[in-house]
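Trainee: Here it is: the structure, laid out below.
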Amino acid sequence: MKYRKIGPFRTSAIAYGSMPLSIEGRPDRETAIKVLHDVLDAGCTHIDTAWAYYESGGEEQYGEKLVADALESWNGDRSTISVATKVGHFRCFNDTGEAVWDVDGSPERLRRDAKLSADALHTDQIDLLYLHRPDPKVEYVEMVRTLAGILDDGLARTAGISNANPDQIRLAQSILGDRLVAVQNQFSPGFLSSRPEVELCGELDLAFVAWSPLGGYRRPLEEDAFAAFQRVADARGVSRAQVILAWELAQGDHVIPIPGSHRSETILDSFKAVDLSLTDEELARLP
Numbered sequence: 001m002k003y004r005k006i007g008p009f010r011t012s013a014i015a016y017g018s019m020p021l022s023i024e025g026r027p028d029r030e031t032a033i034k035v036l037h038d039v040l041d042a043g044c045t046h047i048d049t050a051w052a053y054y055e056s057g058g059e060e061q062y063g064e065k066l067v068a069d070a071l072e073s074w075n076g077d078r079s080t081i082s083v084a085t086k087v088g089h090f091r092c093f094n095d096t097g098e099a100v101w102d103v104d105g106s107p108e109r110l111r112r113d114a115k116l117s118a119d120a121l122h123t124d125q126i127d128l129l130y131l132h133r134p135d136p137k138v139e140y141v142e143m144v145r146t147l148a149g150i151l152d153d154g155l156a157r158t159a160g161i162s163n164a165n166p167d168q169i170r171l172a173q174s175i176l177g178d179r180l181v182a183v184q185n186q187f188s189p190g191f192l193s194s195r196p197e198v199e200l201c202g203e204l205d206l207a208f209v210a211w212s213p214l215g216g217y218r219r220p221l222e223e224d225a226f227a228a229f230q231r232v233a234d235a236r237g238v239s240r241a242q243v244i245l246a247w248e249l250a251q252g253d254h255v256i257p258i259p260g261s262h263r264s265e266t267i268l269d270s271f272k273a274v275d276l277s278l279t280d281e282e283l284a285r286l287p
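With full-length UniProt numbering applied, the sequence shown covers 1 to 287.
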C-alpha cells in the first residue's frame with residue numbers, strides 16, 4: 001500500500017467506502033466483517049462510514065456499528081486506522097414505499113447524531129466528521145457553525161464537508177480553519193463535474209475524497225465514458241477498476257478514492273491501483 005494524508009492522518013492512498021456493506025443488498029454480517037478485516041490486512045488505514053448507512057426501516061447506524069465491531073475484532077494495530085463518519089442524512093421510505101435518502105441539517109439533529117455516531121463507533125472522539133449533504137431548509141453557514149461547535153466540544157478531532165461546491169468549501173474553511181481537512185464529493189469518469197472542487201482542494205491543501213470513484217453504486221454505467229479506460233486496461237492486462245483508480249490518483253497527491261465492495265476479491269483488486277503508474281500518453285487518452 002502507498003499512503004497520502006487527510007489532515008493529521010496517514011491515510012492509505014485508496015481508502016474503503018463501507019456503504020455497500022450496510023444498505024439494501026448488503027451481505028450477511030459475518031461476510032461484511034471478513035471484508036473489513038481483509039481491507040485492513042491489505043494496508044488500508046482509512047474507513048469511511050456514515051450515520052445514514054443502514055437499510056430504510058431497519059436498524060439505524062448499522063454501518064457505524066459494523067465498522068466498530070470489525071475494528072474491535074481485528075488483530076491489527078487500531079492506532080494506525082482512522083475512521084470517518086457523516087451526519088445530516090438519514091434513510092426513509094417515500095410515499096410509494098421506495099427506500100430513499102432524506103436530509104436534516106438542523107443544529108439539534110447534527111449535534112444529536114454526532115453523539116450517537118461517537119457512541120456507535122465506541123469512541124470519545126470521532127477522527128473525522130463530515131456534514132453529509134447540504135440541507136436546503138437550513139442556512140449552510142449555520143450547519144458549518146454547528147460542526148465547529150461539535151469540534152469545540154471535543155466530540156470530533158477534524159472536520160470535512162461532503163457534496164459541497166466551491167463557495168461552500170471556502171465558507172467552511174473560513175469558519176473551521178485548519179480543522180477542515182477534507183471534502184468528499186462524487187468523482188469518476190462518468191461524473192466529472194467535481195473537477196472544480198478537486199482543483200480547489202489542491203489549492204487549499206485539503207484532501208479530496210472521491211466517492212463512487214468507479215462510476216456509481218448499482219447504477220447502469222455510461223459505457224461510453226469508460227471505453228477509453230477499458231482500452232488501457234486491456235492493453236495493460238489489468239482490471240478497468242485499477243485503471244480508473246490510478247487515473248484518479250494521478251489527479252493530485254491530495255486525491256483519495258474510496259471504492260466500496262461486497263466482496264474481498266473486488267476491493268483487493270482495486271487496491272492494486274496504487275502500484276499502477278499510467279504513462280503521459282495513457283493519461284492524455286483519458287478525460
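We put the CB at the ideal spot given by N, CA and C, even for glycine.
Just so we're clear, the structure is a prediction, and the values are computed from it rather than from any experiment.
With DSSP as the reference, label G58 as helix, strand or coil.
Mentor: As a working note, residue 58 is residue 58 in the sequence shown. The answer is coil: DSSP assigns G58 none of H, G, I, E or B.
Trainee: Tell me P257's beta-bridge partners as DSSP assigns them.
Mentor: Numbered from its first residue, the sequence shown carries residue 257 at position 257. Note: P257 sits in a beta bridge opposite A210.
Trainee: Report the partner residues of Y53 according to the DSSP bridge assignment.
Mentor: Taking the sequence shown and counting its residues from 1, the one referred to as residue 53 is at position 53. DSSP, once it has assigned bridges, lists no residue as partnering Y53.
Trainee: Beta-carbon within less than 8 angstroms of V141's beta-carbon, same chain only, minus the 5 sequence neighbours each way: which residues are those?
Mentor: Your numbering for residue 141 matches position 141 in the sequence shown. Same-chain partners within the cutoff: L171 and I175.
Trainee: Under 8 angstroms: do the stretch 278 to 286 and the stretch 230 to 248 share three or more Cβ pairs, one atom per stretch?
Mentor: Between the stretch 278 to 286 and the stretch 230 to 248, the count of Cβ pairs shorter than 8 angstroms is three or higher; the stretches touch.
Trainee: Please state whether DSSP places I6 in a helix, a strand or coil.
Mentor: Translated into the one-based positions of the sequence shown, residue 6 becomes position 6. Note: I6 maps to strand in three-state DSSP.
Trainee: Hey, how far is the Cα of I256 from the Cα of S270?
Mentor: Translated into the one-based positions of the sequence shown, residue 256 becomes position 256. Translated into the one-based positions of the sequence shown, residue 270 becomes position 270. Rounded to the nearest whole angstrom, the C-alpha separation of I256 and S270 is 13 angstroms.
Trainee: What are the start and end residues of the alpha helix (DSSP H) that includes S277?
Mentor: Translated into positions along the sequence shown, residue 277 becomes position 277. Neither: S277 is in no alpha helix (DSSP H) and is coded neither H nor E.
Trainee: Among the residues of its own chain, which have a CB less than 6 angstroms from the CB of T146, if the five just before and after it don't count?
Mentor: Mapped onto the sequence shown, residue 146 falls at position 146. Correct list, in chain order: P107 and L110.
Trainee: Does the distance from the C-beta atom of A164 to that of L151 stay below 8 angstroms?
Mentor: Within the sequence shown, the letter at position 164 stands for residue 164. Within the sequence shown, the letter at position 151 stands for residue 151. Contact flag unset, no.
Trainee: Between the stretch 43 to 54 and the stretch 237 to 253, do at least 3 Cβ pairs fall closer than 8 angstroms?
Mentor: As far as the Cβ criterion goes, the stretch 43 to 54 does not touch the stretch 237 to 253, which means the pair count is below three.
Trainee: If I follow the unbroken alpha helix (DSSP H) through A271, where does it start and stop?
Mentor: Numbered from its first residue, the sequence shown carries residue 271 at position 271. For clarity, residue 271 is Phe in the given sequence; the question names Ala instead. Unbroken alpha helix (DSSP H) run through F271: S264 to F271.
Trainee: Would you report the Cα separation of R157 and D119, rounded to the nearest angstrom?
Mentor: Looking up residue 157 in the sequence shown gives position 157. Looking up residue 119 in the sequence shown gives position 119. Distance between the alpha carbons of R157 and D119 is about 15 angstroms.
Trainee: Would a C-beta distance cut-off of 8 angstroms place I258 and G17 closer than the cut-off?
Mentor: Indexing the sequence shown from 1 puts residue 258 at position 258. Indexing the sequence shown from 1 puts residue 17 at position 17. Cβ distance < 8 angstroms, so I258 and G17 count as in contact.
Trainee: Is the beta carbon of S73 sitting closer than 8 angstroms to the one on I33?
Mentor: Within the sequence shown, residue 73 is the residue found at index 73, counting from 1. Within the sequence shown, residue 33 is the residue found at index 33, counting from 1. In contact: S73 and I33 (Cβ atoms closer than 8 angstroms).
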